[in-house]
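Single-structure report; data block below.
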Amino acid sequence: MLGVFQRRKILNVLVMGILYGATLLALVPLFSVFYCVVSRGWPAITLDFFTKLPSPVGEVGGGIGNAILGTATLVGMASLVGIPWGIIIGIYLSEYGRGRRATTVRLAVDILGSVPSIIIGLFVYTIMVIPMRGFSAYAGATALAILMVPTIARVTEEIFKLVPNTVRESGLALGLSRWKVILFLVLRGTFSSILTGVMLSVARIIGETAPLLFTALSNSYWQRSLSQPVASVPVQIYNYAISPFDDWHQKAWGGAFLLTVLIFILNLGTRMVSHPFSGRAS
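Under the working numbering, read the sequence shown as residues -16 to 265, first letter to last.
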């Protein structure tokens, strides 16, 4: 007969083995996708890939330089709107949100976060593309900004709730107004955590394709105006992937590789940049 201690030890080893096995099983798809993208996309990465325009139909060569520039433009414009918008909503829900109004706003944010991105694209198409009578970078950035808001708002709210009330009370006791306490004490102390949520939202919109098909569309030239259609890497990957040309398929894998590496760098850079702020906050 095994003793109680031995049974617990065997059970602990068994459970730990199951946990490690489940972890390895979860990592298999991740590394499989990463290997597939890198092995197929790396051969397409050349200087021309970053600097030249897409080649005409049937011709070999060219690049996606206009799509890279377009993605940077769309993400930058969306961030200028979506990040402050999401943080303000999160601050309201955490610091001022009480009662039925806050419950309604919180429910609206949760519903918005679960709405498929293609629906957001159709919405922006209705309110911007049709009235403006054309696709544009403004419409694409608006759709991406809307997609950013739920993630940033919920992360900001939850992070603010983790800050002890003694921090707020100490600021108020020193004579600071409430908005100064929120801005200079609470927000500054949680900057690194909120930055993580911001980067998660940015990483999400970088790979969005469906809303851009209805708002920014695409083009084969360098952008000259924000009120005109603009190319983007996800849409360019889609267009290349459904084409019958092997060279375009190769470039589609190159674009996928570029997005994967960019998202990896964003997450790694966030941790490296936010570390000093974490040290100050502590």
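We put the CB at the ideal spot given by N, CA and C, even for glycine. Quick caveat: nothing in here was measured; it's all calculated off a predicted structure.
Simplified DSSP state of Gly4, which is helix, strand or coil = Along the sequence shown, read from residue 1 onward, the residue named residue 4 stands at position 21. Helix at Gly4.
How many Å lie between Phe228 and Gly41 at the Cα?
-> By 1-based counting over the sequence shown, the position of residue 228 is 245. By 1-based counting over the sequence shown, the position of residue 41 is 58. Approximately 7 Å, taken between the alpha carbons.
Can you give, in chain order, each stretch of the alpha helix (DSSP H) that sits fully within the region 65 to 140 and has at least 4 residues?
-> 82 to 97 and 100 to 107
Where Pro12 falls: helix, strand or coil (DSSP) = What you label residue 12 is simply residue 29 of the sequence shown in a count that begins at 1. Reduced to three states, the DSSP call for Pro12 is helix.
Spatially closest choice to Gln206 from Lys163, Tyr75, Tyr79 and Ala50, by CA coordinates | Position 223 of the sequence shown, counting from 1, holds the residue named residue 206. Checked all of Lys163, Tyr75, Tyr79 and Ala50; the closest Cα to Gln206 is Ala50.
Can you tell me which of the three DSSP states Pro227 falls into?
-> Along the sequence shown, one-based indexing puts residue 227 at 244. Of the three classes helix, strand and coil, the one that applies to Pro227 here is coil, per DSSP.
Tell me whether Gly154 sits in a helix, a strand or coil according to DSSP, three-state version.
-> Counting from one through the sequence shown, the residue named residue 154 turns up at place 171. In this structure, Gly154 counts as helix in the three-state DSSP scheme.
Do you know how far the Cα of Trp25 is from the Cα of Gln219?
-> Working through the sequence shown from its first residue, we reach residue 219 at position 236. Working through the sequence shown from its first residue, we reach residue 25 at position 42. Rounded to the nearest angstrom, the two C-alpha atoms are 17 Å apart.
Buried or exposed by the 16-neighbour rule on C-beta atoms within 10 Å, applied to Gly96 = On the sequence shown, position 113 is the one that residue 96 refers to. Classification of Gly96: exposed, given that the 10 Å Cβ count is below 16.
Own chain residues within Cβ distance below 6 Å of Tyr223, not counting five before or after | Sequence index remark: in the sequence shown, residue 223 carries index 240 (1-based). Cβ neighbours of Tyr223 beyond the five flanking positions: Trp231, Lys234 and Ala235.
Could you tell me which residues DSSP puts in a beta bridge with Pro37?
-> The residue given as residue 37 occupies position 54 in the sequence shown. The partner list for Pro37 (beta bridge, DSSP) reads Gly45.
Are three or more beta carbon pairs between the region 187 to 199 and the region 98 to 107 nearer than 8 Å?
-> yes
Environment of Leu130 [buried if 16+ CB atoms lie within 10 Å] | In the sequence shown, residue 130 corresponds to position 147, counting from 1. Buried.
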